[in-house]
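Chains as they are written, first to last, in full-length UniProt numbering: chain A, 1 to 117; chain B, 1 to 117. Note that beta-carbon positions come from the ideal geometry of N, C-alpha and C, so glycine has one too.
2 protein chains.
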Amino acid sequence: MKQAHHPEVGEIALTGVMAALSDPIRVGLVRVLADGRERGWGEFRAPVAKSTLSHHLRVLRDAGLTRTRQEGTRCFVALRRQDMEARFPGLLHVVLAAAEEEDLGRQVSMKDDPHPA
Amino acid sequence: MKQAHHPEVGEIALTGVMAALSDPIRVGLVRVLADGRERGWGEFRAPVAKSTLSHHLRVLRDAGLTRTRQEGTRCFVALRRQDMEARFPGLLHVVLAAAEEEDLGRQVSMKDDPHPA
DNA sequence: TAGCTTGTTCGATGTTTCACGAACGTCGAA
DNA sequence: TTCGACGTTCGTGAAACATCGAACAAGCTA
């Protein structure tokens, strides 16, 4: 588990962000992170193998959408809302609203938080 | 040249739109169409073969971002601004602003319109 | 009719992506 | 030090994608 790379704000590329958000699972991950809370890796519930989940979280991280922090042997993931807002103002908001409208990424939830309402 | 398919407003999918906008050429195409003017296919200038350009315009069309109209043997392409606005309010605007910020898709221009400013 | 123009489609190629299970490295607990 | 938990990485396929040139179809034009 080496220290993961995170792009700086200025390095965040629009194409990377768009590509990252072109997958339903990843949109779901962003949605559950949308409230700004940092989440433990193991809390995520998605219908894929853990290696695949790791892959998706890596794509989000590489694109600059999320930040991963390590603490001992476990990881915490958070949305880089402010960085995204600084780089591409309004983007995250409209994408989240659009995803909500479509209920895209509903397959993703958090443990002990069945995403009910 | 058969009649191309266009998704209805309600059928436009967020993932499709995001995927379509994850390529610099396609973002460039959207940018030159952003003023709302309908453009002739042959006016586009992009550093790819015409078969590749055709492919990119098809992806944009299939995603619901553009509309293609045929007139005799030639085609005219226009951005579906209103439809996009109805489906995903604000999305096109923020994406265009972000693309502007990054000068993404500058490789695409129009004949007799060298994208000067 | 013959030929030109226009854009699409086809086939091939190389790259990237998504998916999985298995193996691995690291850390904390026993 | 041994064990278990936690994520990452690897190896592998299947599918999708970007790209090109060549072939094609449809419509003008001569």
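Under 9 Å Cβ-Cβ, which residues of chain B neighbour Glu85 (chain A)?
On the first sequence, residue 85 (chain A) is found 85 positions in, with the first residue counted as 1. The premise fails here: Glu85 (chain A) is roughly 11 Å from chain B at the closest Cβ pair, so nothing lies under 9 Å.
Give a yes or no on whether 9 Å exceeds the smallest Cβ distance from Ala19 (chain B) to chain A.
As a first step, residue 19 (chain B) is located in the second sequence; it is residue number 19 there, counting from the start. Taking Cβ atoms only, chain A reaches closer than 9 Å to Ala19 (chain B), which makes this a yes.
Please determine, among B:Glu71, B:Thr73 and B:Pro47, the residue with the shortest C-alpha to C-alpha distance to Pro24 (chain B).
To locate residue 24 (chain B), count along the second sequence from 1; it is residue 24. Per the Cα distances, B:Pro47.
Between Val27 (chain B) and Gly90 (chain B), which are expected to be in contact by the criterion C-beta below 8 Å, what is the C-beta distance as a whole number of angstroms?
Position 27 of the second sequence, counted from the first residue, corresponds to residue 27 (chain B). Position 90 of the second sequence, counted from the first residue, corresponds to residue 90 (chain B). Taking 8 Å as the upper bound for CB-CB distance, Val27 (chain B) and Gly90 (chain B) are not in contact here, some 17 Å apart.
At the 9 Å Cβ level, is Asp23 (chain A) part of the contact set with chain B, yes or no?
One-based indexing of the first sequence puts residue 23 (chain A) at position 23. It does; some Cβ of chain B falls within 9 Å.
Considering only the alpha carbon of each residue, which of A:Gln107, A:Asp35 and A:Leu29 lies closest to His55 (chain A)?
Along the first sequence, read from residue 1 onward, the residue named residue 55 (chain A) stands at position 55. Here the closest residue by C-alpha is A:Leu29.
Among A:Val95, A:Glu102, A:Gly72 and A:Thr68, which one has its Cα closest to the Cα of His6 (chain A)?
On the first sequence, residue 6 (chain A) is found 6 positions in, with the first residue counted as 1. The residue with the shortest Cα to Cα distance from His6 (chain A) is A:Thr68.
Does Phe88 (chain A) get closer than 9 Å to chain B when you measure Cβ to Cβ?
Here residue 88 (chain A) refers to the residue found at position 88 when the first sequence is read from its first residue. Cβ-Cβ to chain B under 9 Å: yes for Phe88 (chain A).
Quick one: which chain B residues come within Cβ less than 9 Å of Leu104 (chain A)?
Taking the first sequence and counting its residues from 1, one reaches residue 104 (chain A) at position 104. Listed along chain B are Ala13, Leu14 and Thr15, each with a C-beta nearer than 9 Å to that of Leu104 (chain A).
Rounded to whole angstroms, what is the Cα-Cα separation between Gly40 (chain A) and Val95 (chain A)?
Position 40 of the first sequence, counted from the start, is the residue given in the question as residue 40 (chain A). Position 95 of the first sequence, counted from the start, is the residue given in the question as residue 95 (chain A). The straight-line gap from Cα to Cα measures roughly 23 Å.
By DSSP's criteria, Arg74 (chain B) is part of a beta bridge. Which residues make up the other side?
As a position in the second sequence, residue 74 (chain B) is number 74, starting the count at 1. B:Glu71, per the DSSP bridge assignment.
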